[in-house]
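Peer 1: Dumping the structure here so I can ask a few things about it.
Number of protein chains: 2
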Amino acid sequence: MATINDVCRAAGVSKATVSRVINGTGQVKQSTREKVEAVMAQLNYRPSSLAQALASQSANSIGLVISDFTGGYFGSLLKQASVSAEQMGKQLLFADGHNNAEDELSAVHSLVEKKCDIIILYSRKLSCEQIVALSRSITIPIVTVGRLVPQEAGFSISFDQANAVKKAGGHLIELGHKQLSYIGPKPSTPTATLRLQGFHQLVEQYAHQGVTGKVCLSPFGFMESYQATKAYLESGDCFGTAIVAAADDIAIGCIKALREQGIKVPQDISVVSIDNDPCSPFVEPPLTTIDIPIKSITERAMEVAKQLIEKGIIPKPEVYSGDLIIRESAIKHLP
Amino acid sequence: MATINDVCRAAGVSKATVSRVINGTGQVKQSTREKVEAVMAQLNYRPSSLAQALASQSANSIGLVISDFTGGYFGSLLKQASVSAEQMGKQLLFADGHNNAEDELSAVHSLVEKKCDIIILYSRKLSCEQIVALSRSITIPIVTVGRLVPQEAGFSISFDQANAVKKAGGHLIELGHKQLSYIGPKPSTPTATLRLQGFHQLVEQYAHQGVTGKVCLSPFGFMESYQATKAYLESGDCFGTAIVAAADDIAIGCIKALREQGIKVPQDISVVSIDNDPCSPFVEPPLTTIDIPIKSITERAMEVAKQLIEKGIIPKPEVYSGDLIIRESAIKHLP
DNA sequence: GCAAGCGGTTCACAGACACCA
DNA sequence: TTGGTGTCTGTGAACCGCTTG
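Chains as they are written, first to last, in the UniProt record's numbering: chain A, 1 to 335; chain B, 1 to 335.
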């Protein structure tokens, strides 16, 4: 592998000059530049990003920490982040948070070490306080995706989880349902907590109209919710006339279990969920669900990241809310 | 951020000694080691991976290039790779191939620059020859996943695409179907090409029994195949009595379009696909499909990568074939 | 423990040349 | 002619943080 030394020797100039033509900085005579470029091409020279990062204290890259590779929309997030990074001519560095707080923290640190210009944090397990503390302890800015954090922790762009549940449940109530159930993961992550809270708030808000709410705990995942639903049913519990599911995969697994017990969706029970997964229009029945605009969210996060790097401006936190996509899994309740 | 200099100054030893305690190399007196460790902890010192990689010419990491973030199983691959890397105490570096050959190439190079010990290549667009050439042009080994390449290009672990189609179609033939159709992407990638070829081979093989085959082109994706199927039907073409779909999402989109035309699956047309996506048991009807053991494949790839790094042994290429998972989308053809 | 790297960046500065008083 | 002033280009060397003989 050719180094800058090989190049400057072959071109008969100094390292500094070569460095300038690489980076397009300073002044270099046209003829010199061309000569150096010719030599670089001939030697098939590629500057070492490692050395560049070490010397300049910047890797011209943006770091992305993902907490988990399962579940609905991390794929869209990854893809969009990658595309945006490509467009802004920056490298994208990933780090895996392994779905636990400690690893999320060290993922961030590993990216800091690598001299990213900024970090996009898609955290599932870190608390707000931890994120604030983390942001303080490092020198590069953090953009938090999917979570609302105080502005002192930098920019955050999030999705209003509680509101999504309310919107989903509200739709059910509008349809005349009063005995609602929520099926979703136990409140051990911020997202799960917010969604569950949203449900409780909704029920409380409409309690005077006779709305009641039950909760069935189920992890994310098709099979998981299928089994959870089955167990729930077998234990003698029932769902009322309508269910709001914390995610599309939960809804889908749940519906299958329901059907196996002879309960028809939407005729017997209506179901609304959250995510708008690509497959949700294609299951039986097509899911009425809340769309999470993860692509737009990611795109916006990357845009802000860019501005943050270039101009250092931190916009106010932004909260997206999802649209209700009405399909066929929820219908009017006939008393 | 504390550097090694701060540490050695504070501990009253030389940089070399600090470096030794970091890496556990050479001999360091116990008391010295403890002192240095104490100082490191107190200063919250973290060695710069950049500087380490540059100086030692190895980042103790393994590189993963992914060609695309869409489609069935890249999520499982990512996750398993990440877990395996974690287990072997190595960093995992991702690079995105943006689903085109040129970017896949430069993704590999960017990882080489970063001094990965080895590269796992999950390529969709590179030709065999390109991979061989690439392997020759760089100094670190490549493990190719999902594609069978000559051994001179290093280890490869792949999935027998053509065989999967034959197995799927074979199942249909066993069920008494003779008029088969294939729905899948045009042969512009190696995977798509192999699957289509497999279909043609199968038809040819059973031609003497009166088996015929038609082809309907459709990109990957639920919506894409839904639309392709609709267009195909509207143009007056028909599918025969059974379909093998190149992927679960294609099958699912196709089935929906079929149903909308009043064609029932499996009563009127049987469908078999490939992938065994997590959602495939949960759609209507549950999909009979070929399981692609992407998790095992990735795990094995990482295992070999480890051996390759440690002992330099290159095993023979391995080819996995998938199991047929019989569910409900394909039934006996009643003449 | 010393010192020479790893492969770059960067800044202070020098040589060359033109221009003008 | 001389010297003073600038503007371009390019050089040398220190330095980034760590490894290793």
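Glycine included, C-beta positions come from ideal geometry on N, C-alpha and C. Remember, predicted model here, so these are calculated numbers, not experimental data.
Which runs of the alpha helix (DSSP H), 4 residues or longer, sit entirely within the region 258 to 317 of chain B?
Peer 2: With a minimum length of 4 residues, the continuous alpha helix (DSSP H) runs that stay inside the region 258 to 317 of chain B are 294 to 311.
Peer 1: Taking the CB atoms as reference points, tell me whether Ala192(A) and Ala246(A) lie closer together than 9 Å.
Peer 2: Indexing the first sequence from 1 puts residue 192(A) at position 192. Indexing the first sequence from 1 puts residue 246(A) at position 246. Yes, these two residues count as a Cβ contact at 9 Å.
Peer 1: Answer with yes or no whether the minimum CB distance from Gly213(B) to chain A is below 9 Å.
Peer 2: On the second sequence, residue 213(B) is found 213 positions in, with the first residue counted as 1. Answer no: the Cβ-Cβ gap between Gly213(B) and chain A never drops below 9 Å.
Peer 1: At 8 Å on the CB atoms, spell out the chain A contacts of Lys114(B), in chain order.
Peer 2: By one-based count along the second sequence, residue 114(B) stands at place 114. Within chain A, the residues near Lys114(B) are Ser49 and Leu50.
Peer 1: What is the rounded straight-line gap between the Cα of Thr17(B) and the Cα of Ala41(B)?
Peer 2: Position 17 of the second sequence, counted from the first residue, corresponds to residue 17(B). Position 41 of the second sequence, counted from the first residue, corresponds to residue 41(B). Near 16 Å, if we compare the C-alpha coordinates of Ala41(B) and Thr17(B).
Peer 1: If we ignore side chains and look at the alpha-carbon of each, how far apart do Ser270(B) and Lys264(B) end up?
Peer 2: Here residue 270(B) refers to the residue found at position 270 of the second sequence. Here residue 264(B) refers to the residue found at position 264 of the second sequence. Taking the straight line joining both Cα atoms gives about 9 Å.
Peer 1: Could you compute how far the alpha carbon of Val149(B) sits from the alpha carbon of Pro293(B)?
Peer 2: For the purposes of this step, residue 149(B) is taken as the residue at position 149 of the second sequence. For the purposes of this step, residue 293(B) is taken as the residue at position 293 of the second sequence. Spanning the two alpha carbons is a distance of roughly 19 Å.
Peer 1: Does chain B have any CB closer than 9 Å to the CB of Gln307(A)?
Peer 2: Here residue 307(A) is taken as the residue at index 307 of the first sequence, counted from 1. No, because no Cβ of chain B sits closer than 9 Å to the Cβ of Gln307(A).
Peer 1: For the alpha helix (DSSP H) containing Thr70(B), list its first residue and its last residue.
Peer 2: Here the question's residue 70(B) lines up with position 70 in the second sequence. Taken as a continuous stretch (DSSP letters only), Thr70(B) belongs to no alpha helix (DSSP H), as it is neither H nor E.
Peer 1: Please state the DSSP three-state secondary structure of Gln27(B).
Peer 2: Counting from 1 along the second sequence, the entry for residue 27(B) is found at position 27. The answer is coil: DSSP assigns Gln27(B) none of H, G, I, E or B.
Peer 1: Spell out a yes or no on whether the region 198 to 216 of chain A and the region 306 to 315 of chain A are touching, meaning 3 or more CB-CB pairs, one atom from each, closer than 8 Å.
Peer 2: As far as the Cβ criterion goes, the region 198 to 216 of chain A does not touch the region 306 to 315 of chain A, which means the pair count is below three.
Peer 1: Please work out which residues of its chain come closer than 7 Å, Cβ to Cβ, to Glu152(A), disregarding the five sequence neighbours upstream and downstream, and give them in chain order.
Peer 2: Looking up residue 152(A) in the first sequence gives position 152. Here the set comprises Val132.
Peer 1: Would you verify that the beta carbon of His98(A) is, or is not, closer than 9 Å to some beta carbon of chain B?
Peer 2: Locating residue 98(A) in the first sequence gives position 98, counting from the first residue. Yes, contact with chain B.
Peer 1: Using a Cβ-Cβ distance cut-off of 9 Å, determine whether Cys279(A) contacts chain B.
Peer 2: Stepping through the first sequence from its first residue, residue 279(A) is reached at position 279. Cys279(A) counts as touching chain B.
Peer 1: Identify each residue in the region 51 to 67 of chain B for which the Cβ-Cβ distance to at least one residue of chain A is less than 7 Å, and report them in chain order.
Peer 2: So the close ones are Ala51, Ala53 and Leu54.
Peer 1: Give me the residue from Ile325(B), Val304(B) and Asp323(B) with the minimum Cα distance to Pro317(B).
Peer 2: Translated into positions along the second sequence, residue 317(B) becomes position 317. The shortest C-alpha separation from Pro317(B) is found at Val304(B).
Peer 1: Helix, strand or coil, according to DSSP, for Gln179(A) in the structure here?
Peer 2: Counted from its first residue, the first sequence places residue 179(A) at position 179. Gln179(A): strand per DSSP, three-state reduction.
Peer 1: Where does Ile22(A) sit, in a helix, a strand or coil, going by DSSP?
Peer 2: Mapped onto the first sequence, residue 22(A) falls at position 22. It is helical.
Peer 1: Mind checking if Asp291(A) is an interface residue toward chain B, Cβ cutoff 9 Å exclusive?
Peer 2: Numbered from 1 along the first sequence, position 291 holds the residue referred to as residue 291(A). It does not: the Cβ of Asp291(A) has no partner Cβ on chain B nearer than 9 Å.
Peer 1: Can you give me the C-alpha to C-alpha distance between Ala81(B) and Thr298(B), rounded to a whole angstrom?
Peer 2: Reading the second sequence from its first residue, position 81 is the one you call residue 81(B). Reading the second sequence from its first residue, position 298 is the one you call residue 298(B). If you take the alpha carbons of Ala81(B) and Thr298(B), they lie about 6 Å apart.
Peer 1: Report the three-state DSSP secondary structure of Cys238(B) (helix, strand or coil).
Peer 2: One-based indexing of the second sequence puts residue 238(B) at position 238. Of the three classes helix, strand and coil, the one that applies to Cys238(B) here is coil, per DSSP.
Peer 1: Less than 8 Å between the CB atoms is what I'm expecting for Leu54(A) and Leu54(B), so what's the real figure, rounded?
Peer 2: As a first step, residue 54(A) is located in the first sequence; it is residue number 54 there, counting from the start. As a first step, residue 54(B) is located in the second sequence; it is residue number 54 there, counting from the start. About 6 Å separates the two Cβ atoms, so the contact holds.
Peer 1: Within its chain, find whatever has a CB closer than 6 Å to the CB of Tyr182(B); leave out the 5 residues flanking it on each side and keep chain order.
Peer 2: Here residue 182(B) is taken as the residue at index 182 of the second sequence, counted from 1. The answer, listed in chain order, is Phe199, Val215 and Val244.
Peer 1: Applying a beta-carbon distance threshold of less than 7 Å, which residues of chain B neighbour Glu86(A)?
Peer 2: Along the first sequence, one-based indexing puts residue 86(A) at 86. The answer, in chain order, is His98.
Peer 1: Please report the distance separating the alpha-carbon of Leu92(A) from that of Glu113(B).
Peer 2: Translated into the one-based positions of the first sequence, residue 92(A) becomes position 92. Translated into the one-based positions of the second sequence, residue 113(B) becomes position 113. Roughly 15 Å between the two C-alpha positions.
Peer 1: My output table needs one value for Phe220(B): the three-state DSSP class, helix, strand or coil.
Peer 2: In the second sequence, residue 220(B) corresponds to position 220, counting from 1. Coil at Phe220(B), not helix or strand.
Peer 1: Assuming contact is defined by CB atoms lying nearer than 9 Å, are Leu233(B) and Gln197(B) in contact in what I supplied?
Peer 2: As a position in the second sequence, residue 233(B) is number 233, starting the count at 1. As a position in the second sequence, residue 197(B) is number 197, starting the count at 1. No; because the gap between Cβ atoms is not below 9 Å, this pair is not in contact.
Peer 1: Say whether chain A places a C-beta atom closer than 9 Å to the C-beta of Arg46(B).
Peer 2: Along the second sequence, read from residue 1 onward, the residue named residue 46(B) stands at position 46. So, interface residue.
Peer 1: I believe Gly154(A) touches Ser123(A) by the beta-carbon criterion, under 8 Å. Please report the beta-carbon distance rounded to the nearest angstrom.
Peer 2: Taking the first sequence and counting its residues from 1, the one referred to as residue 154(A) is at position 154. Taking the first sequence and counting its residues from 1, the one referred to as residue 123(A) is at position 123. That belief does not hold up - the Cβ atoms of Gly154(A) and Ser123(A) are roughly 13 Å apart, past 8 Å.
Peer 1: Compare the beta carbon distance of Lys125(B) and Asn99(B) with 9 Å and say whether it is the shorter of the two.
Peer 2: The residue you call residue 125(B) lines up with position 125 of the second sequence. The residue you call residue 99(B) lines up with position 99 of the second sequence. In contact: Lys125(B) and Asn99(B) (Cβ atoms closer than 9 Å).
Peer 1: Taking the Cβ atom as the reference point for each residue, do Leu324(B) and Ala101(B) lie within a distance shorter than 9 Å?
Peer 2: Numbered from its first residue, the second sequence carries residue 324(B) at position 324. Numbered from its first residue, the second sequence carries residue 101(B) at position 101. Going by C-beta atoms, Leu324(B) is not nearer than 9 Å to Ala101(B).
Peer 1: Less than 9 Å between the beta carbons of Ile62(B) and Ile118(B), yes or no?
Peer 2: On the second sequence, residue 62(B) is found 62 positions in, with the first residue counted as 1. On the second sequence, residue 118(B) is found 118 positions in, with the first residue counted as 1. Yes. Within cutoff.
Peer 1: When you compare the CB positions of Ala2(B) and Leu43(B), do they come within less than 9 Å of one another, or not?
Peer 2: As a position in the second sequence, residue 2(B) is number 2, starting the count at 1. As a position in the second sequence, residue 43(B) is number 43, starting the count at 1. Result yes, Cβ atoms of Ala2(B) and Leu43(B) sit closer than 9 Å.
Peer 1: Just the C-alpha distance for Gln201(A) and Lys178(A), rounded to the nearest angstrom, thanks.
Peer 2: For the purposes of this step, residue 201(A) is taken as the residue at position 201 of the first sequence. For the purposes of this step, residue 178(A) is taken as the residue at position 178 of the first sequence. Between Gln201(A) and Lys178(A), the C-alpha separation is close to 14 Å.
Peer 1: Nearest CA to the CA of Ser321(B): which residue from Val283(B), Gly146(B) and Asp249(B)?
Peer 2: Reading the second sequence from its first residue, position 321 is the one you call residue 321(B). When only C-alpha atoms are compared, the closest one is Gly146(B).
Peer 1: With burial defined as no fewer than 16 other Cβ atoms inside 10 Å of the residue's Cβ, what is the status of Gln57(A): buried or exposed?
Peer 2: Your numbering for residue 57(A) matches position 57 in the first sequence. With fewer than 16 Cβ atoms within 10 Å of its Cβ, Gln57(A) is classed as exposed.
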